[in-house]
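The block underneath contains the structure these notes are about, expressed in structure tokens.
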Amino acid sequence: MINTAFAMGQAGGTAGQSGGITAFVPLILMFVIFYFLLIRPQQKKAKEHQNMINNLKKGDRIITSGGIHGAITSLDDTTVTLEIADSVKIKISRGNVGTALQGSAPQKKDKKKNK
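Numbering of the sequence shown is given in the working numbering, commencing with residue 649 and proceeding in unit increments.
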């Protein structure tokens with residue numbers, strides 16, 4: 649009877665050790681799912697935004713992250729100067745550029761009348 653109880657104890661100990669390794673499989677699977685559904689798309693979007701910011705040039709029309717529409721009049725390493733209305737210019741940091749609109753700014757019309 650003692651030998652039978654001893655054999656049962658050994659079999660249970662072996663199963664407990666393999667159960668520890670299989671306990672991490674759901675955690676690893678959750679990390680893989682989070683990577684492909686959350687982390688990777690976010691990194692891709694951040695990379696595209698950085699490329700868009702680096703490719704800005706004078707005359708481009710943009711929308712800031714605050715919703716201000718304007719045309720770029722000058723660029724610096726860290727700042728962008730926007731013209732949001734006639735003779736109204738503001739400076740923003742490059743990181744606050746939300747999106748670049750297609751095409752460049754429309755040309756200003758000459759307000760003087762030819763006589």
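For glycine and all other residues, C-beta sits at the position ideal for the given N, C-alpha and C.
Taking 8 Å as the upper bound for CB-CB distance, residue 707 and residue 719 are in contact here, some 7 Å apart. At least 9 Å separates the beta-carbon of residue 728 from that of residue 709. With 16 or more neighbouring CB atoms inside 10 Å of its own CB, residue 730 falls in the buried class.
In this structure, residue 745 lies near residue 712, with their beta-carbon atoms less than 9 Å apart. The beta carbon of residue 682 sits closer than 6 Å to none of the beta carbons in its chain outside the five residues before and after it. Between the alpha carbons of residue 736 and residue 715 lies a distance of about 16 Å.
In this chain, the beta strand (DSSP E) harbouring residue 709 covers 708-712. Close CB contacts of residue 750 within its chain, under the 6 Å cut and outside five residues either way in sequence, are absent. Going by beta carbons, residue 700 and residue 733 fall outside the 9 Å limit.
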